[in-house]
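Only one structure is covered here, and it is reproduced in the block below.
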Amino acid sequence: MKASKVQAWYTSKQRREMFDRALTYVIVTALAVMFVIPLVWTVSSSLKSNPQMYIFPPVWIPNPIQWENYARVLQEIPFALFFKNTLWITILAGAGQVLTAAIVGYGFARFKFPGRRVLFMVLLGTMMIPREVLLVPQFILYNNLKWVDTFKPLVVPYYFGGGPFTIFLMRQFFMSVPTTLDEAAKIDGAGAFRTFWSIILPLSKPVLATASILSFQWHWNDFISPLIYLQSRENFTVSLGLRMFQSVAGIGGVPKDNLLMAASVMALLPILILFVFMQKHFVRGIVMTGIKG
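Numbering (my numbering), first residue to last: 20 to 312.
What follows is the structure, given as structure tokens:
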């Protein structure tokens, strides 16, 4: 009798676990579908003619497939030039952001000085300041420096700290690295910068990959800053180029939304490719930055 009760309890527990697991899979699958549908719709629309986009019920498989939409994007606006501008801004700003954030994060993680925790909390507090609040004073500053309509406002500021969130990621990761490595390097005669550059930084590939992906995505998709600081068409970025399709009308004044979708797919490809090749380091970096507080 007792054995049968124990067996019944285990059977009931297994059923609950199976139900919980199945429910988890259903929820995750539903969320995945919700996130994938807009992407599939964008790709599908990029291969349609413009009238096909407004058919109801929607047609998911274009007929015929309009591969020439991607070539027409390059003909309607100088999208290749915008792509090159965005790539330069993203690489230069991203490199400065990741490198300087690593230096500042290492300082917060390793050096003990009065007010360190308070200063770090103030740094994190700046994340709550709305970006819009800073736009006017920043524009006045950059205008006085004659930086408006150049790439400098989009690149140079990221070489002075790297941003609070990136610093937070770096600091959390460095705090999980054993201090015995620093002590061993100090015994061998290495200074703080040599220890950081030759020992700590090579061990930081996961968090560097995470910060690089987040930085790349931020700068690549940034719309507000280029809109405010870039005025000449030859300096436009991809995000401003996408906006231009709203003013490029087709026959009868109808916007060419199929070309807008094709341009959106082209703009999305670099981020997808980067994430596919670096997703292992990205996930590992996110996990390891939360190990120690």
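Positions of the beta carbon are idealized from the N, C-alpha and C atoms, including for glycine. Model, not experiment: these values are computed from the prediction.
Apart from the 5 residues on each side of it in sequence, I84 sits with its Cβ closer than 6 Å to the Cβ of L66 in its chain, given in chain order. Just so you know, the alpha carbons of I186 and R34 end up roughly 45 Å apart. Around the beta carbon of D39, fewer than 16 other beta carbons sit within 10 angstroms, so the residue counts as exposed. Rounded to the nearest angstrom, the gap between the Cα atoms of T256 and A209 is 43 Å.
For E95, the enclosing alpha helix (DSSP H) starts and ends at E87 to E95. Minimum Cα-Cα distance from L278 among the listed residues S68, L42 and W60 corresponds to S68. Per DSSP, the continuous alpha helix (DSSP H) segment holding N162 begins and ends at R150 to N163.
Between A282 and L261, the gap from beta carbon to beta carbon is short of 8 Å. With a cutoff of 8 Å on beta-carbon distance, Q116 and Y177 are scored as near each other. Contact between the stretch 237–249 and the stretch 157–174 is present: three or more C-beta pairs spanning the two stretches fall below 8 Å. By the neighbour-count criterion, in which 16 or more other beta carbons inside 10 Å mark a residue as buried, D207 falls on the exposed side. The way I'd put it, the stretch 217–232 does touch the stretch 112–128; three or more beta-carbon pairs between them come closer than 8 Å. With respect to the 8 Å criterion, V62 and V284 are classified as neighbours on the basis of their beta carbons.
Distances from the CA of Q250 to each of F179, F158, K224 and T214 were compared; the closest alpha carbon is that of F158.
Excluding its 5 nearest sequence neighbours in each direction, D201 has C-beta neighbours in its own chain below 6 Å: T214, listed in chain order.
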